[in-house]
DNA sequence: AGTCTATATCGTAATATTGCAATATCAATA
DNA sequence: TATTGATATTGCAATATTACGATATAGACT
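Residue numbers (the numbering used here), protein chains in the order written: chain A, 1 to 110; chain B, 111 to 220.
Printed below as a string of structure tokens:
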């Protein structure tokens, strides 16, 4: 035991959970924030922006990449990371959908 | 080592990470889905809806509650869980904000 | 009081995540 | 081709998460 029973849930639920999990660490939220702040996405200085050692940052970048939240093109010597809009659209849609559903209810017991 | 260095990140980043982390497991996404689906939020049957043992479900509910995503009122014998709109609004705003920022860019290098 | 039902907590095993030093890789450049 | 600079990978220790059986708690109903 100890391993998540992904097979018992729907693909959609697993997909949202995977994306949410990737954002479930402040360093990775900080990375997304930074990629948004920087004008272009030619970024080789993410490591300097974060209060973590280089291998740790590299690992967080890998996880964001695996989850599909960012993509990284090799740009000669450095790597150009940027946000993958598709994944963020998925999340935005999910939460927008929840909000409209909650609007419609509004009678709730609590 | 091994513990997340929350103190090095902003409150906002930590707040989003906490909410996202709470949704970072398919069972918890499934719980939110179920609470949305059910008309009223008088729900004592979440355990029967999930393919997990009762203590496990209880633990997931606790985590959602700690993160502020749901609230639970004791309703005599059972407990009435329902979604806490405030937390979901926070998430929706966060992703909506990202989307508009991404709209404005659009020139990106990737 | 005793029983049933719903939920929480405890204890614990299996697994995953976080963080970093050391090391590897690989393109650019001297 | 040797060196430098940027990033990835490996290996490992500390910690956290996931899951569940056993047990506790507490209201409802005999």
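Each residue gets a CB set at the ideal place from its N, CA and C atoms; glycine is no exception.
Taking a contact to require three or more Cβ pairs closer than 8 Å, the region 86-98 of chain A and the region 199-213 of chain B qualify as touching.
Contact annotation, residue 171 of chain B with residue 140 of chain B: C-beta distance approximately 12 Å; criterion of less than 8 Å not satisfied.
For residue 115 of chain B, there is no enclosing alpha helix (DSSP H), as DSSP gives it neither H nor E. As a beta-bridge residue in DSSP terms, residue 81 of chain A pairs with A:72. In the structure shown, the three-state DSSP call for residue 55 of chain A is helix. Among the CB atoms of chain A, one or more fall inside 8 Å of the CB of residue 209 of chain B.
Membership of residue 146 of chain B in the alpha helix (DSSP H) is indicated by the continuous run 136-147.
Check the Cα spacing between residue 193 of chain B and each of B:148, B:134, B:125, B:122: the tightest is with B:148. In this chain, residue 67 of chain A is not harboured by any alpha helix (DSSP H), its DSSP state being neither H nor E. In the displayed model, residue 119 of chain B falls within coil according to three-state DSSP, outside both helix and strand. Chain-ordered listing is empty here: chain A has no CB closer than 7 Å to the CB of residue 155 of chain B, the nearest sitting near 15 Å.
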